[in-house]
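First up is the structure itself, then whatever we jot down about it.
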Amino acid sequence: MRVPSLLRRLSNEFLLFLYPPSCAGCGEPISPAEPLEFCLLCRDSLELVGSPSCPTCGLPLSPEAPESYQCGACLGGLYRFDRARAAGIYRGLLREVVHRFKYQGHISLARPLAQLLLPPARELLALHDLHVVVPVPLHRRRLRDRGFNQAALLARRLGASLDLPVRYTVLRRRRWTEPQIGLSPSWRAENVRGAFAVSEPAAVRDQGVLLVDDVFTTGETVDQCVRALKGAGAQKVAVLTVARTVAL
Ligand SMILES: [Zn+2]
Ligand SMILES: [Zn+2]
1 MRVPSLLRRL SNEFLLFLYP PSCAGCGEPI SPAEPLEFCL LCRDSLELVG SPSCPTCGLP
61 LSPEAPESYQ CGACLGGLYR FDRARAAGIY RGLLREVVHR FKYQGHISLA RPLAQLLLPP
121 ARELLALHDL HVVVPVPLHR RRLRDRGFNQ AALLARRLGA SLDLPVRYTV LRRRRWTEPQ
181 IGLSPSWRAE NVRGAFAVSE PAAVRDQGVL LVDDVFTTGE TVDQCVRALK GAGAQKVAVL
241 TVARTVAL
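FYI, the numbering for the sequence shown is 1 to 248, going by my numbering.
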């Protein structure tokens, strides 16, 4: 073993000693060998999206739904994206962890949340040629208040894991929008209409784009991004989020 790699290993061991890995859900210690940074109990509480789900937008469907059955929204041609996937359902523990990450500034949670994104990301990559990762941007006022863009932190980790370039400045918010959660359905579409623009069309022209955000609520925010990306010549746009809301 070469000296630098030995040193790196020793420093990794030392860091593990100083900061033993803990569950991103409950904070209990976990084994460094755990592939996901959640203990078994918390992993059981995460409602990860499995099958059956809508092949286009990833909405979880009732267990009786036949294979490749599309949801009503997709049958009605509601979305502009080519496909969307979410790691889990936006409720319970996952919602709590996303809140801690996004609203309480626990940015170290980007790592375990980005790990959850890997299986659905690989599914999207198996279905489409995707070349570049683009995070949904924040308005500069919100970025200044929050201090970070949660989608950009997730995109950075995802790009590194998938070996894909991340384009942080391709999309920009043209104007201020209210948070979609809490708005009435009729206001949601109005709120984000035309809110995004592509500042570097050459970066997405003829490319397959993996668009990353934290939560998919009704799909209007990501769909406005897709509209801008496709208007700039993107060939395909697949949407990946940590969580998505489902109707109760
Ligand atoms: Zn736990
Ligand atoms: Zn669908």
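Glycine included, every Cβ here is placed at the ideal spot set by N, Cα and C.
None of the values given here were measured: they were computed from a predicted structure.
- In the three-state DSSP reduction, Gly208 falls in the strand class (E or B).
- Going down the chain, each residue whose beta-carbon is closer than 6 Å to a heavy atom of ligand 1 shows up: Cys23, Gly25, Cys26, Glu28, Phe38, Cys39, Leu41 and Cys42.
- Scanning Val204, Leu124, Pro55 and Glu178 for the CA closest to the CA of Thr221 turns up Glu178.
- The beta-carbon distance between Val242 and Ala86, rounded to whole angstroms, is 7 Å. This is short enough to meet the 8 Å contact definition.
- Below 8 Å, enough C-beta pairs join the region 72-90 and the region 56-64 to call them touching: three or more.
- Excluding five sequence positions before and after Gln235, the CB atoms of its chain that fall closer than 7 Å to its own CB belong to Asp206, Gln207 and Gly208, given in chain order.
- Shortest gap from the CB of Leu59 to any heavy atom of ligand 2: under 7 Å.
- By the Cβ neighbour-count rule, Glu64 is exposed, with fewer than 16 other Cβ atoms within 10 Å of its own.
- Just measuring C-alpha positions, the residue of Cys71, Leu113 and His99 sitting nearest Pro35 is Leu113.
- Boundaries of the alpha helix (DSSP H) harbouring Thr221: Glu220 to Gly231, taken from the DSSP string.
- By the criterion of a C-beta distance shorter than 6 Å, Phe216 is surrounded in its chain by Ala86, Thr241 and Arg244, once the five residues flanking it on both sides are discounted.
- Taking a C-beta distance under 8 Å as the contact criterion, Pro120 and Arg173 do not qualify as a contact pair.
- Each of Leu118, Gly27, Gly231 and Glu123 was checked against the Cα of Leu158, and the nearest Cα belongs to Leu118.
- Distances between the C-beta of Thr241 and the heavy atoms of ligand 2 are all 7 Å or more.
- Per DSSP, Arg167 lies in no beta strand (DSSP E) and is assigned neither H nor E.
- The beta-carbon separation of Ala228 and Ala247, rounded to 27 Å, does not stay under the 8 Å limit for a contact.
- Ligand 2 has no heavy atom closer than 7 Å to the beta-carbon of Ala238.
- Between Lys230 and Leu10, the alpha-carbon positions lie close to 48 Å from each other.
- In the assembly as shown, Tyr103 is an exposed residue. Its beta-carbon has fewer than 16 other beta-carbons within 10 Å.
- Within the region 129-210, complete beta strand (DSSP E) segments of at least 3 residues are found at 132-135, 171-173 and 196-198, given in chain order.
- Per DSSP, Ala65 lies in no beta strand (DSSP E) and is assigned neither H nor E.
- Contact between the region 88-97 and the region 45-52 is established, with three or more Cβ pairs separated by less than 8 Å.
- Below 8 Å, too few C-beta pairs join the region 158-172 and the region 185-193 to call them touching: fewer than three.
- The closest heavy atom of ligand 2 lies 7 Å or more from the beta carbon of Cys225.
- For Pro35, the secondary structure class from DSSP, reduced to helix, strand or coil, is coil.
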